[in-house]
Amino acid sequence: MFYRVNMATLAVSKDDGPQYQGLGGRALSSRIVSAEVDPAAHPLGAANKLVFVTGLLSGTGAPNGGRMSLGAKSPLTGTIKESNVGGPMSTKLGRLGIRGIIVEGLPNKDVPYVLKVTAAGIAIEEAPGLKGLDIYDTAAALQKQYGAKAAVGCIGTAGENKMAQACVGFTDMEGAPTRQAGRGGLGAVMGSKGLKAIVVDDARGRPVSFADEAAFRAGAKKLSGALLAHPVTSQGLPTYGTDVLANILSEAGGLPTRNFSSGRFEGANNIGGETLHATAMERGGKTGHGCSPGCIIRCSNIYKDKKGDVLTGGFEYESCWSLGADLGIDNLDDIALMNRLCDDYGVDTIETGVALGVAMEAGVAKFGDSKAAIELIKEIGKATPLGRILGSGAEVTGKAFGITRVPTVKGQAIPAYDPRAVKGVGVTYATTPMGADHTAGYSVTANILSVGGKVDPLKPEGQVDLSRNLQIATAFLDSTGLCLFVAFAVLDIPEALEGIIEMCNARFGWQKTADDYLEMGKQVLRDERAFNAGAGIGQGDDDLPEFFRKEQLPPHNVVFDIPKSELDKVFNF
Amino acid sequence: MQIEVRLYATLRQAAPDAPAGVLTVAASAGATVADLLALVNVDPAAVRLLMVNGIAADLGRVLRDGDRLGVFPPLGGG
């Protein structure tokens, strides 16, 4: 079932979406946006649409099947955008039989609206009391009104202020809004539509039906077995979380430090997963926290302050890096506070950290000054002119301050792997239709982690093929509703992919092969690239900023040296 | 010769008193990565990633005075 919500007329309609059958997750969100949104549309205008879609396996109880995709034309990049999020909402939508909610038009009235999604359908409700609230207060108010079990997705003041890097925050299994559809400014699109929140209550929802339930269970068992067997998904991630990467990348010389001026941070251990784990244990926090129903990996966490009060959750490597090493900061408590502020105002931690790094390069504050960094983030919350610059992302910040070392691709900040020392992920940054995005083709696996083979991270050879194959496979995995971290098992244990294919086939009565599903991944990339071309963003934009090719990165003193002509071979299918 | 050994994640249990898992280890000339792991009581079967001066290495790599050896179990994130 697909719902259309028109914010101009406040009308809700539903249909079976025959044109969108056979699609889920990113394949579905990108198809809807590419089919229904004029690529020339202003991202904050009436012609843009914001879509919330479930994956092929949402609501089935598939292992790690709790992801949801949001899609729109991005105000940050001007490209098509899929932003992927955990939490229980996609499972609840799946149990309500909802494949997609398409939010259209702009409202005529300046009042926050809430979409209330239940087994009875979707109601649009006015919520004047939520105006100006940040995400934690908004979620608490909505849980008070609609019940603690309802899943909430909402924007904070950054989204209301239509800042180009605003995110959408979602509640986790305990009801805390620690999960974000972080990248690409979809919170600003939500704000432009006057939509403060979406609330999903799946009471009286029904179990998802299967074409062949026994075959589905057998496939699910294969995937869960692989996730429990692979040491990364069964030991490393549950114990330390994603932040275990801080020390690995610093050791490998690929941890971007002080606005991408070095690849090794002397304070890496203070901000890394080992310290985060020890601190969480000491203070009664938690690691091994699952963010969504059916999560086996449990890489999330709850982080408490020195007094033992919960400070933040879902405290990830990317955030510990962007608000830490990239700013020369190694005080984990201050970084946790920054993470909390970003989650509360509703901005992307990657984009915010990189914007702050660019601002520090400009002398707005000193590298290493965590107190100054906290105050800069508070400017975003206050929507001061400086806060609005930072809230517009790293590229705008670079322009505002006349800085040349601005690590962005297609307007989106580069994440926590320096592309000079991890060249495979550099290819992904340069070429993915999303703008710089490590998750779109996570070559760090073979470059650094010895997962899915080995490709020397410092040499140009093999990186284009590595990135291409991962981008295709990822576009498929992002369409299933599975967490991308199942890829660690998929890359090393054949039964994992077999199980995923068997689950998808058994859910819908398909006979598709691995090649068929990879073709789905290729088609996602074709859809997205066609949209971007229509928006004026083409192959010429598939490259890294100049400084990566000219400035050597210590300690290995390397530059990004994959020729542009090679990058142009990524999409040769 | 002196080698700086850096143990990470669960491997720090082999040297619980070493601050941040960092030890300076005296080894004889010609020692390999495997020799160093034996000196610090780390089981090679528990190791997935080895880096010498930040560059991937294997157990047979011969070390030089002043090398920095990073030792990791299987890990990932994103």
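If you read the protein sequences in the order shown, they are chains A and B. In terms of this note's numbering, the first sequence opens at residue 1216 and continues consecutively. In terms of this note's numbering, the second sequence opens at residue 52 and continues consecutively. Here a beta-carbon is modelled for each residue, glycine too, at the ideal position from N, C-alpha and C.
- Close partners of B:GLY81 in chain A (Cβ separation under 9 Å) are lacking, with about 24 Å as the shortest Cβ gap.
- The alpha-carbon of A:LEU1542 is positioned some 18 Å away from that of A:PRO1770.
- Following the DSSP letters along the chain, one finds A:HIS1492 in no beta strand (DSSP E) but inside the alpha helix (DSSP H) bounded by residues 1488–1497.
- Using a Cβ-Cβ cut-off of 8 Å, A:HIS1771 is close to GLY105, ILE106 of chain B, given in chain order.
- Looking at A:MET1718, A:GLN1678, A:SER1507, the one whose alpha-carbon comes closest to that of A:LEU1782 is A:GLN1678.
- Of the residues assessed, A:MET1553 falls on the buried side of the cut-off, its CB having 16 or more other CB atoms within 10 angstroms.
- One finds nothing in chain B with a Cβ atom closer than 8 Å to the Cβ of A:THR1623; even the nearest lies about 20 Å away.
- In chain A, no part has a C-beta under 9 Å from the C-beta of B:ARG112; the shortest such distance is about 15 Å.
- In this structure A:GLY1434 does not touch A:LEU1291 by the C-beta definition: roughly 37 Å separates them, more than the 8 Å allowed.
- Within a 10 Å sphere around the beta-carbon of B:THR75 sit fewer than 16 other beta-carbons, which makes this residue exposed.
- At a Cβ-Cβ threshold of 7 Å, A:GLY1286 and A:SER1244 count as neighbours.
- In this structure, the straight-line span from the alpha carbon of A:ILE1708 to that of A:ALA1223 is close to 50 Å.
- A Cβ of chain B is located within less than 7 Å of the beta carbon of A:ALA1467.
- As the crow flies, the alpha-carbon of A:ILE1716 is around 39 Å from that of A:TYR1560.
- For the stretch 1449–1465 of chain A, the set of positions with a beta-carbon nearer than 8 Å to some beta-carbon of chain B reads GLN1450, GLY1451, LEU1452, THR1454, TYR1455, GLY1456, THR1457, ASP1458, VAL1459, LEU1460, ASN1462, ILE1463 in chain order.
- Cβ-Cβ separation between A:MET1735 and A:PHE1691: approximately 5 Å, consistent with a contact (criterion under 8 Å).
- For B:GLY128, the closest Cβ of chain A is nearer than 7 Å.
- Nearest C-alpha to A:SER1780 among A:ILE1687, A:VAL1642, A:ASP1671, A:ILE1663: A:VAL1642.
- Listed by position along chain B, the residues whose Cβ is nearer than 7 Å to that of A:PHE1703 are GLY127.
- The beta carbon of A:THR1269 sits closer than 7 Å to the beta carbons of GLY1239, MET1283, SER1305, LEU1308, GLY1309, ILE1313, ARG1314, GLY1696 from its chain, once the five residues preceding and following it are set aside; these are given in chain order.
- Annotation note: the stretch 1587–1654 of chain A contains the following uninterrupted alpha helix (DSSP H) runs of length 4 or greater, listed N- to C-terminal: 1600–1606, 1609–1616, 1638–1646.
- The Cβ neighbour count for A:GLN1627, taken over all protein chains shown within 10 Å, is at least 16; the residue is labelled buried.
- Nearest in C-alpha terms to A:LEU1259, of all of A:THR1619, A:GLY1402, A:THR1660, is A:GLY1402.
- When rounded, the separation of the alpha-carbon atoms in A:ARG1635 and A:THR1623 is 14 Å.
- Taking 7 Å as the threshold, the shortest C-beta distance from A:ASN1299 to chain B does not fall below it.
- With respect to the 7 Å criterion, A:VAL1562 and A:THR1612 are not classified as neighbours on the basis of their beta carbons.
- Taking C-alpha positions only, A:ILE1752 is separated from A:PHE1723 by approximately 36 Å.
- When 7 Å is used as the limit between beta carbons, A:ASN1484 is near these residues of chain B: ALA71, in chain order.
- By the C-beta criterion, the stretch 1761–1770 of chain A is judged not to be in contact with the stretch 1269–1280 of chain A, since fewer than 3 inter-stretch pairs fall below 8 Å.
- The beta carbon of B:MET52 does not come within 7 Å of any beta carbon belonging to chain A, so the residue lies off that interface.
- Here A:LYS1437 is buried: its Cβ has 16 or more other Cβ atoms, across all protein chains shown, within 10 Å.
- Comparing C-alpha distances from A:ASP1427 to each of A:ASN1720, A:PRO1760, A:TYR1732 shows the shortest one belongs to A:ASN1720.
- Here the alpha carbons of A:LYS1638 and A:LYS1674 stand approximately 7 Å from one another.
- The stretch 1645–1663 of chain A makes no contact with the stretch 1406–1414 of chain A: fewer than 3 CB pairs, one atom from each, lie closer than 8 Å.
- Considering only B:THR83, B:GLY105, B:ASN104, B:VAL91, the residue with the shortest C-alpha distance to B:GLY72 is B:VAL91.
- Between B:PRO95 and B:LEU88, the C-beta spacing is below 7 Å.
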